[in-house]
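Trainee: This is the structure, below, for whatever I ask next.
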Amino acid sequence: MDITIRHGNASEIDSHLLTVVAFERVNGQPSTSVESAQVNELYDSGEFSGKPDEFSILHRPEGLKAKRLMLAGAGKQPDFTLIRMRNLAGAAVRAAAAKGAADIHFYLPETYSGSEWARAAAEGAVLGSFDPDALKTDPQKNEKRVCNLTVCAASPEGSLEKSVTDGRIVGEAQNFARELVNLPANLLTPLVLAERAEAMAAEVGLECEVLLTGQLTELKMGALLGVAQGSDNPPALIVLTYRPARAIGEDVLALVGKGVTFDTGGISIKPADGMEKMKYDMGGAAAVLGAMRAIAQMKPNVPVTAYIPTVENMLSGRAQRPGDIVTSMCGKTIEVLNTDAEGRLILADALTYAVRKGATHLVDAATLTGAVAIALGHLYYGGFSNNDALCERVLAASRKAGERMWRFPMDADYKDYLKSAFADLPNIGGRWGGSITAAKFLEEFVEGKPWVHLDIAGVAWLDDPKPYLAKGPTGTPVRTFVSLAMDWAPQA
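Put into structure tokens, the structure is as follows:
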């Protein structure tokens with residue numbers, strides 16, 4: 092989607108489809124950026140009320156140069172937030188596409204025309220344009236797609252350009268992550284994911300290194316290799332590096348993403364119902380890749396390195412068995428009680444490698460446990476940390492990004508749930524507190540460095556489409572990662 096900026100009053104904009112934010116009535120009067128008897132009639136007749144995600148189109152609206160006017164319901168004005176703006180812009184793009192509009196103008200109300208609002212609108216519009224049906228062959232599919240968006244406001248010239256550009260960059264980065272997650276496992280193996288990472292890195296100017304089986308063996312990454320051994324598709328560890336022109340301080344931020352391109356569960360096989368969705372088990376890896384794409388373009392002042400362990404968890408005569416004991420890169424032995432708890436195994440070696448390569452702060456993202464969705468539903472992702480200061484930074488980044496995080500306890504007592512009679516650690520901790528025990532397992536491999544684990548299993552995939560977001564992968568938490576890096580400042 093191409094995005095441009097136009098400054099001026101709504102009445103002056105010549106457009107095939109001008110979209111304006113329309114709130115619910117205040118003191119009986121419509122609340123929009125345009126004054127029109129036709130708009131009043133829509134409210135008076137009850138055809139349009141301004142409720143969230145309600146849309147109505149007027150043809151040849153009086154007093155406007157636009158050929159069509161689309162009212163985009165925004166709810167009660169006091170409840171309007173950046174999240175609502177992002178969602179509204181996404182819903183407007185999807186509604187316009189359904190009407191066959193290829194070019195639209197989106198007008199920011201005067202009260203909401205500052206830089207943050209413009210960025211949220213651009214992000215939302217790009218997210219709303221995501222095509223989950225890319226592999227369908229319907230020749231008419233491309234006819235219903237918004238190709239050009241003009242963000243309009245009455246604000247002064249030059250005041251919104253950077254904000255809209257940043258919004259487009261982040262939206263495109265999140266859609267890049269969604270595209271990767273949406274690919275079926277026959278089209279996205281670990282090595283194909285590595286190839287996509289290399290291509291993206293070359294495009295935006297990141298350093299990229301891909302460690303293959305021989306190198307992983309030399310590094311003694313037994314936990315990662317144990318998961319991979321059942322598949323004919325070899326594993327990889329993808330390393331992407333962003334180096335700022337002028338780093339402030341000595342911090343090195345590591346982003347680590349779980350990249351299981353397909354998860355059968357292994358010998359501890361998953362039920363057949365819903366297994367096709369397990370292509371999404373590399374959602375953490377995709378989010379890290381998307382974030383790195385945006386970071387390379389937006390250029391924060393902190394060095395950021397991404398570590399993406401990627402495998403396929405399959406069944407075969409070579410597959411890892413329940414009861415196997417593997418030795419991780421750091422030397423700790425792990426009893427594999429359940430082969431479907433594989434994500435934490437590959438993350439264990441990746442976290443160790445990140446620390447050994449100089450990371451001072453680590454944040455990982457993984458579709459790790461179903462337990463987190465049972466606890467939080469599909470609205471929040473879980474946050475787990477050994478460091479209050481870093482966790483507060485990530486929480487602040489998630490709030491700013493409009494991605495909701497909820498912190499879980501990580502008391503030392505939970506370590507008692509992780510006991511093995513035969514190895515240093517089991518890879519599962521029993522029935523209770525499953526998300527917490529998974530995080531406590533990962534904590535064993537960060538060597539005391541400040542670390543936050545994001546369990547995104549409940550939010551990485553959307554089963555029921557929203558007016559602003561298509562069914563399928565969400566790309567969460569790309570925006571959190573980008574916000575964290577962009578706002579990074581050394582702390583004493």
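Under my numbering, the first residue of the sequence shown carries the number 92, and numbering increases by one thereafter. Quick reminder that beta carbons are idealized off the backbone N, C-alpha and C, glycines included.
Taking the straight line between their C-alpha atoms, what separation do you get for His544 and Trp208?
Mentor: Approximately 30 Å between the Cα atoms of the pair.
Trainee: Can you give me the C-alpha to C-alpha distance between Glu286 and Val301, rounded to a whole angstrom?
Mentor: Straight-line Cα distance between these residues: approximately 9 Å.
Trainee: Use the C-beta contact count for Ala60: other C-beta atoms within 10 angstroms, 16 or more gives buried, fewer gives exposed.
Mentor: Nothing in the structure corresponds to residue 60, since the chain is present only between 92 and 583.
Trainee: So, for Ile386: in the same chain, excluding its five sequence neighbours on each side, which residues have a beta-carbon less than 7 Å away from its beta-carbon?
Mentor: Tyr333, Val395, Val573 and Ala576
Trainee: Suppose contacts are defined by Cβ-Cβ distances below 8 Å. Is Ile425 in contact with Leu436 by that definition?
Mentor: yes
Trainee: Quick check on DSSP: helix, strand or coil for Pro564?
Mentor: Pro564 sits in a strand when the DSSP states are folded into three classes.
Trainee: Am I right that Gly205 and Leu179 are in contact with their C-beta atoms under 8 Å? What's the rounded C-beta distance?
Mentor: Contact doesn't hold; Cβ gap of about 16 Å is too wide.
Trainee: Rounded to whole angstroms, what is the Cα-Cα separation between Ala188 and Val237?
Mentor: A straight-line Cα-Cα distance of about 5 Å links Ala188 and Val237.
Trainee: Please classify Glu426: does DSSP put it in a helix, a strand, or coil?
Mentor: strand
Trainee: Answer yes if the segment 155-173 comes into contact with the segment 103-114, meaning at least three C-beta pairs across the two stretches below 8 Å, and no otherwise.
Mentor: yes
Trainee: Could you check where the beta strand (DSSP E) with Asp455 kicks off and where it finishes?
Mentor: His452 to Ala457
Trainee: What is the residue span of the beta strand (DSSP E) that Met291 lies within?
Mentor: Note, Met291: premise wrong, no beta strand (DSSP E); alpha helix (DSSP H) at Pro281 to Val295.
Trainee: Apart from the five residues on each side of it in sequence, which residues of its chain come closer than 7 Å, Cβ to Cβ, to Gln320?
Mentor: Arg409, Ala410 and Gln411
Trainee: Can you grab the Cα-Cα spacing for the pair Leu307 / Pro400, in whole Å?
Mentor: 10 Å
Trainee: Using the three-state DSSP reduction, which class does Asn239 fall into: helix, strand or coil?
Mentor: Here Asn239 sits in strand by DSSP.
Trainee: Mapping DSSP to helix, strand and coil, what is Thr418?
Mentor: strand
Trainee: Using a Cβ-Cβ cut-off of 7 Å (strictly less than) and excluding sequence neighbours within five positions of Ala514, which residues of its own chain qualify?
Mentor: Ile416, Thr424, Ile425 and Glu426
Trainee: Considering only DSSP beta bridges, list what Leu149 is partnered with.
Mentor: Leu160
Trainee: Starting from Trp208, trace the alpha helix (DSSP H) both ways and give me its first and last residue.
Mentor: Ser206 to Gly219
Trainee: Return yes when the Cβ of Glu367 is within less than 8 Å of the Cβ of Asn404, no when it is not.
Mentor: no
Trainee: Please report how far the alpha carbon of Ser511 lies from the alpha carbon of Lys531, in whole angstroms.
Mentor: Each residue's CA atom was taken as its position, placing Ser511 and Lys531 some 14 Å apart.
Trainee: Is it a yes or a no for the segment 268-287 touching the segment 136-146, going by three-plus beta-carbon pairs under 8 Å?
Mentor: no
Trainee: Drop a sphere of 10 angstroms on the beta-carbon of Val117, count the other beta-carbons inside from all chains shown, and report buried for 16 or more, exposed for fewer.
Mentor: exposed
Trainee: Which one of Lys491, Ala192 and Asp342 has the shortest CA to CA distance from Leu453?
Mentor: Asp342
Trainee: Terminal residues of the continuous beta strand (DSSP E) containing Gly521?
Mentor: In the DSSP assignment, Gly521 falls outside any beta strand (DSSP E), carrying neither H nor E.
Trainee: In angstroms with no decimal places, state the Cα-to-Cα distance between Gly348 and Pro568.
Mentor: If you draw a straight line from the Cα of Gly348 to the Cα of Pro568, it comes to about 11 Å.
Trainee: Is it buried or exposed for Glu535, if we count other Cβ within 10 angstroms and need 16 for buried?
Mentor: buried
Trainee: Beta-carbon separation of Thr458 and Tyr371 under 8 Å?
Mentor: It is a contact, given that the beta carbons lie within the stated cut-off.
Trainee: Can you tell me which of the three DSSP states Ala345 falls into?
Mentor: strand
Trainee: Quick test of your reading: Ala378 and Gly566, contact by CB under 8 Å. State the CB separation rounded to the nearest angstrom.
Mentor: 6 Å
Trainee: Do you know offhand how far Thr352's Cα is from Thr95's?
Mentor: 36 Å
Trainee: If you reduce the DSSP assignment to three classes, tell me which class Glu298 lands in.
Mentor: strand
Trainee: How far does the alpha helix (DSSP H) with Thr304 in it reach, from first residue to last?
Mentor: Thr304 to Glu309
Trainee: For the candidate residues Ala264, Arg484, Ser476 and Gly356, whose alpha-carbon lies nearest to that of Leu380?
Mentor: Ala264
Trainee: Per DSSP, which one or two residues make a beta bridge with Tyr398?
Mentor: Val330 and Val347
Trainee: How about the segment 169-179 and the segment 121-136: do they share at least three Cβ pairs that are nearer than 8 Å?
Mentor: no
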